[in-house]
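Each number in our numbering comes from the position in the sequence shown (counting from 1) with 21 added on.
Don't be surprised by glycine CBs; every beta carbon is placed ideally from N, CA and C.
Bear in mind that the values here come from a model prediction, so they are computed numbers and not experimental data.
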Amino acid sequence: MNQRDLIREILATYRKHGWRLRRVLLVPETRAEVVNEDELTFEGARVEVANVNALWFSRPSHGKREAWELRLIAETAYALFEIFEADEPEETHDGVRQEMQVKLGEFTSRKRP
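What follows is the structure, given as structure tokens:
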């Protein structure tokens, strides 16, 4: 499956379960392929150049917390998940999200031949 179709499929699945797309991480080659496509929109989410193709989603969780999931753009589902407390500073959340991106990058680099 090509990257555009895979992204569409992932977006539809997450939308169906109440997730909101927050950020799009794309390697330069994928960004050149999918961002120029008029029919593919990212719901206003920020598109960033990264070392891995992934999508950041969030949704409300129990007890005024917020769930964030970093989903690898791949046919085999793989994601990292974190719950953030409402009273934690946003800088703490950003630090954890950056660590998650590093972990996902490490995971994908181990899978490459």
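Identity of the residue in the options nearest residue i by Cα
i, options, result
"residue 39", "79, 55, 51 and 54", "79"
"residue 129", "117, 105, 97 and 116", "97"
"residue 101", "95, 55, 110 and 89", "89"
"residue 68", "95, 126 and 46", "46"
"residue 70", "56, 27 and 120", "56"
"residue 50", "32, 33, 72 and 63", "72"
"residue 84", "127, 123, 116 and 108", "108"
"residue 31", "52, 48, 53 and 77", "77"
"residue 54", "33, 127, 44 and 27", "27"
C-beta contact flag for residue i and residue j at 9 angstroms
i, j, result
"residue 35", "residue 92", "yes"
"residue 103", "residue 118", "yes"
"residue 66", "residue 42", "yes"
Residue i, buried or exposed, once every other Cβ within 10 Å from all chains shown has been counted against 16
i, result
"residue 131", "exposed"
"residue 113", "exposed"
"residue 22", "exposed"
Element boundaries [alpha helix (DSSP H), containing residue i]
i, result
"residue 48", "Where residue 48 is concerned, there is no enclosing alpha helix (DSSP H), given that its DSSP letter is neither H nor E."
"residue 86", "Counting along the chain, residue 86 falls outside any alpha helix (DSSP H), and DSSP gives it neither H nor E."
"residue 31", "24-37"
Where the beta strand (DSSP E) containing residue i begins and where it ends
i, result
"residue 67", "67-70"
"residue 80", "75-81"
Query raised in the report: Residue ranges of each beta strand (DSSP E) run of no fewer than 3 residues wholly in the stretch 88-114, ordered along the chain?
Result: Counting only runs of 3 or more, we get 100-105.
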